[in-house]
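**Student:**
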Amino acid sequence: MSPLSSAYAALRLDRVICNSMWINYWKFVSCYTLPKVKSDHYSLLCNFDSDVQTFPSSFKFQRMWMFHDGYIFGNVHTKVSNAVEKVDSIQKIISDSGYTDALGDEEKLAQISLIDALRIREHFWRDKSRSKWFIEGDRNTSYFHKLTKIRHVSNRMVRLKAGDNYIEDINDIEHHVLNYYKDLFASNNNCVPTDIIECTIPHLITAMDNDMMTRIPYFEEVKQAVFNMDGSSSPDPDGFGGCFFQNYWDIVGSDVVASVTQFFRQGWILPNLNSSHVVLVPKFPVVLEESDKGTLIPRSLLYCRRSVEQTSFFTCGSEQVKLHYFSCVDKKKLDTLSWDKVCSPISAGGLGLRALKDMNKAGCLKLCWDLIKYEKQWAITLRSRFFRNSSPINHAISSSIWSSLKNVLHLVNDHSIWQIGNGSSISFWDDNWLSYKLKDLILDPLPDSISHLMDVKVAEVVHNQVWALPDTFKQQFPTIACDIHAISLPSTPEPDNLVWKDSISGELTFKDAYSCDMQPPQCKGWTKLIWKLFIPPAKSLVIWRIMHNVIATDDNLIKRGFTVVSCCSLCGSSYKTTTHLFLCCPFIIQYWNWLSSLLGMPLDLSNFDSLLGMCKRGWSPRLHDLIIAAIVNILWMV
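Here the sequence shown is numbered in full-length UniProt numbering, starting from 1 and rising by one per residue.
(1) Over the uninterrupted beta strand (DSSP E) stretch that includes A162, give me the two end residues.
(2) Touch check for the region 478–494 and the region 428–441: three-plus C-beta pairs under 8 angstroms?
(3) Please give the ranges of any beta strand (DSSP E) in the region 405–480, keeping only runs that are unbroken, at least 3 residues long and fully inside the region.
(4) Hey, out of K559, S606 and D554, whose CA is closest to S569's CA?
(5) So for V80, helix, strand or coil by DSSP?
(6) Closer than 8 angstroms is the cut-off here; do at least three beta carbon pairs connect the region 556–572 with the region 531–541?
(7) When you compare the region 487–505 with the region 413–433, are there three or more beta-carbon pairs, one atom per stretch, that lie closer than 8 angstroms?
(8) State the Cα-Cα distance for the pair Y591 and K161, rounded to the nearest angstrom.
(9) Report buried or exposed for F245, applying the criterion of at least 16 other Cβ atoms within 10 angstroms of its Cβ.
(10) For W418, count neighbouring Cβ atoms within 10 angstroms of its own Cβ and tell me buried if that reaches 16, exposed if not.
(11) For the beta strand (DSSP E) that contains L44, what are its first and last residues?
(12) Looking only at its own chain, which residues have a Cβ that is under 6 angstroms from the Cβ of E494, when we skip the five neighbours before and after it?
(13) What residue range does the beta strand (DSSP E) around V499 cover?
(14) Quick check on the burial criterion: 16 or more other C-beta atoms within 10 angstroms. Buried or exposed for T381?
(15) Among residues of its own chain, excluding the 5 on either side of I442, which ones have a beta-carbon nearer than 6 angstroms to its beta-carbon?
(16) What three-state label does DSSP hand T527 in the structure shown?
(17) DSSP beta-bridge partners for N360?
(18) To the nearest angstrom, how far is the alpha carbon of W65 from that of F240?
(19) Let me know if M213 comes out buried or exposed under the rule of 16 or more other beta-carbons within 10 Å of its beta-carbon.
(20) With which residues is N165 paired in a DSSP beta bridge?
(21) Note down the Cα distance separating N426 from L453, rounded to an integer number of angstroms.
(22) Can you tell me where the beta strand (DSSP E) with F582 in it begins and where it stops?
(23) So I589 and L612 are supposed to be a Cβ contact under 8 angstroms. How far apart are they, rounded?
(24) Look at the alpha carbon of G423 and the alpha carbon of K341, and state the distance between them as a whole number of angstroms.
(25) Between A538 and chain D, is the shortest Cβ-Cβ distance under 8 angstroms, so that the two count as touching?
(26) Under the three-state reduction of DSSP, which class applies to S488: helix, strand or coil?
(27) Tell me whether S398 sits in a helix, a strand or coil according to DSSP, three-state version.
(28) Taking its Cβ as the centre, do 16 or more other Cβ atoms sit within 10 Å of F510, making it buried, or is it exposed?
(29) So, with DSSP's three-state summary, where would you put R265?
(30) Does the Cβ of R522 have 16 or more other Cβ atoms within 10 Å, making it buried, or fewer, making it exposed?
(31) If you compare alpha carbons, which of I543, W26, K576 and W544 is closest to L557?
(32) State the beta-bridge partners of T214 as determined by DSSP.
(33) Which of helix, strand or coil does DSSP assign to T381?
(34) In the structure shown, what three-state DSSP assignment does V29 receive?
(35) Which whole runs of the alpha helix (DSSP H) in the region 545–600 are 4 residues long or more, in chain order?
This is the structure we're talking about:
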């Protein structure tokens, strides 16, 4: 409870930091929340145990077996230990007795065996860790090992509430859950015929389409379905996952196809053929209420209903189209919005992501600034290579650094100016210390009497901290001389300082470098309305996609070359476009009429900008936020 308001606020700690030694020592961890007494904090009771009852695991096909010619070998950890000992013994012999060609060949073979053993062990721990995001790179066996231990420590059911009692013994929990589902699935299944499907789902499938989808699948269709599976997905109860069938398709392919076609011919499958290791009890870290238990039936029905509404059928085949909005490094996706728009600021209708090319340009600009300004050893070394007499080199050199820095050097010159201290670091002719460079302003050749000024430093035209310009220069360029005398010099000599003109502090930060030379964004009014703290980001993202017209409606699919039989799945009578689906469909009109009746005013449904524009009226802040939330929620529900 906040002391300054009556609002109730609660915070649950559900994260903890530990090291690998702690995980290795404590095999079992559980945490209980105790009642709070005379305090606004709940006490946490943590239980640690190094002796945990283990259970034999079921057989699972290991992907590492596929890397062995015979597909059968011993303990993977023993193989690594033996390989390390073999390499160590050979290297010790070479160290003691000297190198020979025979020992060199023997060491090379031992190194190859060790690398293979390490690679197999890495795949072993990767499968154990269930890490799917990882892409091939450096060896990460230690990371996968720790991830597996963390999953084993946290992925346990430690307490179950049955009625008013709590069950904590692992065997009692197992028997209770097993008996619960035995009773649940042994009950009578009362089926009541209904025509809800025929009344709800529009008739979009022709007789030809129906025959095509119900015919016995071909050999290649079954093979394609198998090879589209995730190889690391959860295996069947027999322990064989997708990688097994994909790798040994030439052996088991005919049997798999025969099993699939048998179902289409006879209408039944073998018992447990479609089973998998699925825990039907939701897992919670502390207490599990019996009301939290449930079957998979409600979620399956929800997914089925959603699939019917989002699937389009084609006369050319039964393949379902998936529309992707962003690209991935390993697969080519279908982009519907350019990355320039996605990476634009939120106020301009983007997502505020920073493009890598802009980040790279900002990093090069910051590096170029540090190279010119600072007197560090690395900067002095690079300046001696890339500059001659304070001017950049014009000839080509083999340097990846300079090829990037020279493209942003003009930005440093345009947005920086020298602040004179003692003048020993500033070129009188080439550097910008007058808000301009003298070489850019004076294009005519200098008289011989002052031509030496092209090669001097500013310190050489200053005497006792007072300007000492040659009289010829004053007579030849009186305006420039006045500008120079207008610059006040410090009373005591100080180091010269290069300052960034667009920064208050004079220093160039990475943020300033990123925003440098960027066009000001063209702000869109609707962005301030959808990105609110009280609106879940998932709903805001849906509205963002609607405003950019990148929803996977039939008209957008047709624009990208797909053949779609278009029909609105809600009213069944109109072409499915973004405007119709969210603004004009009779089904959604009922929601807009409901909101209009509450507001006592008509809604402008001509376009999305007009709909969101009504939120700019002079309502109170709470009413304003409430109307925005109502509009966003209606659009999100559709």
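Positions of the beta carbon are idealized from the N, C-alpha and C atoms, including for glycine.
**Tutor:** Here's the rundown:
(1) Along the sequence shown, read from residue 1 onward, the residue named residue 162 stands at position 162. Start and end: L160 to A162.
(2) Contact between the region 478–494 and the region 428–441 is present, because at least three Cβ pairs lie under 8 angstroms.
(3) The DSSP assignment places complete beta strand (DSSP E) segments of no fewer than 3 residues inside the region 405–480 at 416–419, in order along the chain.
(4) Within the sequence shown, the letter at position 569 stands for residue 569. The residue from K559, S606 and D554 with its alpha-carbon nearest to that of S569 is D554.
(5) Position 80 of the sequence shown holds residue 80. V80: helix per DSSP, three-state reduction.
(6) Result no; under three Cβ-Cβ pairs closer than 8 angstroms.
(7) Contact holds between the region 487–505 and the region 413–433, because three or more Cβ pairs, one in each stretch, are under 8 angstroms apart.
(8) What you label residue 591 is simply residue 591 of the sequence shown in a count that begins at 1. What you label residue 161 is simply residue 161 of the sequence shown in a count that begins at 1. Going from the Cα of Y591 to the Cα of K161 covers about 42 angstroms.
(9) For the purposes of this step, residue 245 is taken as residue 245 along the sequence shown, with counting starting at 1. Only buried fits F245, as 16 or more other CB atoms lie within 10 angstroms of its CB.
(10) Stepping through the sequence shown from its first residue, residue 418 is reached at position 418. Buried is the call here.
(11) Numbered from 1 along the sequence shown, position 44 holds the residue referred to as residue 44. Secondary structure note for L44: its beta strand (DSSP E) is the uninterrupted segment L44 to D49.
(12) As a first step, residue 494 is located in the sequence shown; it is residue number 494 there, counting from the start. G421.
(13) The residue you call residue 499 lines up with position 499 of the sequence shown. Taken as a continuous stretch (DSSP letters only), the beta strand (DSSP E) holding V499 covers N497 to W500.
(14) The residue you call residue 381 lines up with position 381 of the sequence shown. T381 comes out exposed.
(15) What you label residue 442 is simply residue 442 of the sequence shown in a count that begins at 1. Listed in chain order, the non-local C-beta contacts of I442 below 6 angstroms within the same chain number zero, local neighbours out to five positions each way being set aside.
(16) The residue given as residue 527 occupies position 527 in the sequence shown. Residue state for T527 is assigned as helix, using DSSP reduced to three classes.
(17) Translated into the one-based positions of the sequence shown, residue 360 becomes position 360. DSSP, once it has assigned bridges, lists no residue as partnering N360.
(18) Stepping through the sequence shown from its first residue, residue 65 is reached at position 65. Stepping through the sequence shown from its first residue, residue 240 is reached at position 240. If I take the Cα positions, the gap works out to 12 angstroms.
(19) Position 213 of the sequence shown, counted from the first residue, corresponds to residue 213. M213 is exposed by the Cβ-count criterion.
(20) In the sequence shown, the residue the question calls residue 165 occupies position 165. In the DSSP output, where bridge partners are listed per residue, N165 has A162.
(21) Taking the first residue of the sequence shown as 1, we reach residue 426 at position 426. Taking the first residue of the sequence shown as 1, we reach residue 453 at position 453. At residue 426 the sequence reads Ile, which differs from the Asn that was named. Distance between the alpha carbons of I426 and L453: 12 angstroms.
(22) The residue you call residue 582 lines up with position 582 of the sequence shown. Taken as a continuous stretch (DSSP letters only), F582 belongs to no beta strand (DSSP E), as it is neither H nor E.
(23) For the purposes of this step, residue 589 is identified with residue 589 of the sequence shown, where counting begins at 1. For the purposes of this step, residue 612 is identified with residue 612 of the sequence shown, where counting begins at 1. Cβ-Cβ separation between I589 and L612: approximately 18 angstroms, too far for a contact (criterion under 8 angstroms).
(24) Within the sequence shown, numbered from 1, the residue matching residue 423 stands at position 423. Within the sequence shown, numbered from 1, the residue matching residue 341 stands at position 341. Roughly 46 angstroms between the two C-alpha positions.
(25) Any reference to chain D falls outside this structure, which holds one protein chain only.
(26) Working through the sequence shown from its first residue, we reach residue 488 at position 488. In the three-state reduction of the DSSP assignment, S488 falls in the coil class.
(27) Taking the first residue of the sequence shown as position 1, residue 398 is located at position 398. It is coil, neither helix nor strand.
(28) As a first step, residue 510 is located in the sequence shown; it is residue number 510 there, counting from the start. Exposed, because fewer than 16 other Cβ atoms sit within 10 Å of the Cβ of F510.
(29) Your numbering for residue 265 matches position 265 in the sequence shown. Correct three-state label for R265: helix.
(30) The residue given as residue 522 occupies position 522 in the sequence shown. Checking the displayed sequence, the identity of residue 522 turns out to be Gln instead of Arg. Counting the other CB atoms within 10 Å of its CB gives Q522 a total below 16, which places it among the exposed residues.
(31) Numbered from 1 along the sequence shown, position 557 holds the residue referred to as residue 557. Nearest in C-alpha terms to L557, of all of I543, W26, K576 and W544, is K576.
(32) Walking along the sequence shown from the start, residue 214 turns up at place 214. For T214, which the question treats as bridged, DSSP gives no partner whatsoever.
(33) Translated into positions along the sequence shown, residue 381 becomes position 381. If DSSP states are grouped into helix, strand and coil, T381 belongs with the helices.
(34) Taking the sequence shown and counting its residues from 1, one reaches residue 29 at position 29. In this structure, V29 counts as strand in the three-state DSSP scheme.
(35) Whole alpha helix (DSSP H) segments, 4+ residues: 554–559 and 586–599.
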